[in-house]
């Protein structure tokens, strides 16, 4: 299980390792990898508990396919990467537009929202996400694969640049 609160939210990240370790104690058959969201941070991996590893940074698109699901804050980048990889989300929104992304993830049937990472409710949500019907994920993953977001942005920029 990948765990990330993105590249911002330093105030929330300070308690993340303890919360993930509590969750891991409730789910001894699940392994967790925490990405701290700091691409300039140290490269070593730290073992925080028997089934919990932490590192400064993992590039979502490169590593997401290796995980069964992802716990995240509902930021745009990690949400898109989870959808693109067809992975269920356990969303713990902390700020900004993350609550909206969480609601949309739940509505689309590709994840669940939790209120308190590390408690019994979040452990149940994790088990639910790991046993989730993958059909909605597969449909969204296929739709995303058929799009070209970078090409669309490039075309919009070119079009705007060519306006009188």
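Residue numbers (my numbering): 1 to 164. Even glycine gets a Cβ: it sits at the ideal position worked out from N, Cα and C.
Cβ shell of residue i (< 7 Å), same chain only, five flanking positions each side left out
i, result
"residue 128", "112"
"residue 60", "77, 78, 81"
Per DSSP, the bridge partner or partners of residue i
i, result
"residue 70", "2, 89"
Chain-order list of residues whose beta-carbon lies under 6 Å from that of residue i (same chain, five-residue window excluded)
i, result
"residue 141", "86"
"residue 101", "74, 79"
"residue 3", "20, 32, 34, 71"
DSSP state of residue i mapped onto helix, strand, coil
i, result
"residue 159", "helix"
"residue 48", "strand"
"residue 113", "strand"
"residue 131", "coil"
"residue 83", "helix"
"residue 40", "coil"
Assigned exposure category for residue i - 16 Cβ within 10 Å defines buried
i, result
"residue 66", "exposed"
"residue 125", "buried"
"residue 93", "buried"
"residue 110", "buried"
"residue 153", "exposed"
"residue 98", "buried"
Chain-order list of residues whose beta-carbon lies under 8 Å from that of residue i (same chain, five-residue window excluded)
i, result
"residue 64", "2, 70, 81, 82, 84, 85, 87"
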